[in-house]
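Presented below is the structure to which this report refers.
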Amino acid sequence: PRVLLLEWLAPPFDGGHWVPEQIEAAGCVPARNAAGGRSTGMSWDEVAAADADVVVVACCGFDLRRNVSDAVAHAPALSKLRAARDGRVFAVDGNRYFARPAQSLAAGAALVARCAHGPLELAAE
């Protein structure tokens with residue numbers, strides 16, 4: 433599956449640096465950024481054009497509760513995505529699993545894998 437990890441929502445930024453490698457380690461394909469590339473800002477039209485199978489909201493420095501809140505606040509934009517129509521938009525703890533190089537990056541890759549490959553009822557836990 434093609435995965436777009438959003439590390440910011442206003443404006444949207446895709447995950448850069450090590451995030452594409454986390455997506456690849458999860459058995460997925462980054463929808464936008466190549467390994468080692470910097471995070472880049474984009475418009476919501478560009479988010480839609482990426483046509484990701486899965487969208488992960490993992491805003492830099494924010495925990496799960498904050499990312500859920502921000503995803504809900506951006507529901508009008510997120511709901512237009514194919515991933516949303518397929519029930520494949522997830523909010524996660526971006527601070528813990530994606531924001532800085534540490535051992536938790538492996539857990540972040542596993543989290544992406546669960547969102548992308550797992551049954552929806554398991555990914556929602």
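Letter by letter, the sequence shown follows residues 433 to 557 of this note's numbering.
Built from N, CA and C at the ideal position, the CB exists for glycine as well.
Handout entry: Check whether A505 and L441 have beta carbons under 9 Å apart
Key = Within the sequence shown, numbered from 1, the residue matching residue 505 stands at position 73. Within the sequence shown, numbered from 1, the residue matching residue 441 stands at position 9. Contact: yes.
Practice task
Could you tell me whether the stretch 533–541 touches the stretch 496–505, using the rule of 3 or more Cβ pairs below 8 Å?
Solution key: No, the stretch 533–541 is not in contact with the stretch 496–505.
Exercise for the section: Please work out which residues of its chain come closer than 8 Å, Cβ to Cβ, to N465, disregarding the five sequence neighbours upstream and downstream, and give them in chain order. Expected result: On the sequence shown, residue 465 is found 33 positions in, with the first residue counted as 1. Around N465: D446, G447, G448, V451, P452, S471, T472.
Practice task
Answer yes or no: do L496 and A534 have a C-beta to C-beta separation smaller than 9 Å?
Solution key: On the sequence shown, residue 496 is found 64 positions in, with the first residue counted as 1. On the sequence shown, residue 534 is found 102 positions in, with the first residue counted as 1. The beta carbons of L496 and A534 sit no closer together than 9 Å.
Problem - Nonlocal neighbours in the same chain, by C-beta distance under 6 Å from L438, ignoring five residues either side - result: Start at 1 with the first residue of the sequence shown, and residue 438 comes out as number 6. Cβ neighbours of L438 beyond the five flanking positions: P444, V489.
Practice task
Note the first and the last residue of the continuous alpha helix (DSSP H) segment covering W476.
Solution key: To locate residue 476, count along the sequence shown from 1; it is residue 44. Start and end: 476–482.
Handout entry: R498 versus A458 - alpha carbon distance
Key = Sequence index remark: in the sequence shown, residue 498 carries index 66 (1-based). Sequence index remark: in the sequence shown, residue 458 carries index 26 (1-based). Straight-line Cα distance between these residues: approximately 24 Å.
Exercise for the section: Please classify R517: does DSSP put it in a helix, a strand, or coil? Expected result: Here residue 517 refers to the residue found at position 85 when the sequence shown is read from its first residue. Annotated three-state conformation of R517 is helix, per DSSP.
Problem - Proximity winner among Q454, G526, A509, relative to M474 (alpha-carbon distances) - result: Position 42 of the sequence shown, counted from the first residue, corresponds to residue 474. From the listed residues Q454, G526, A509, the smallest Cα separation to M474 is found for A509.
Practice task
Measure the alpha-carbon distance for R520 versus C460 and round it to whole angstroms.
Solution key: Position 88 of the sequence shown, counted from the first residue, corresponds to residue 520. Position 28 of the sequence shown, counted from the first residue, corresponds to residue 460. So the alpha carbons of these two residues sit roughly 14 Å apart.
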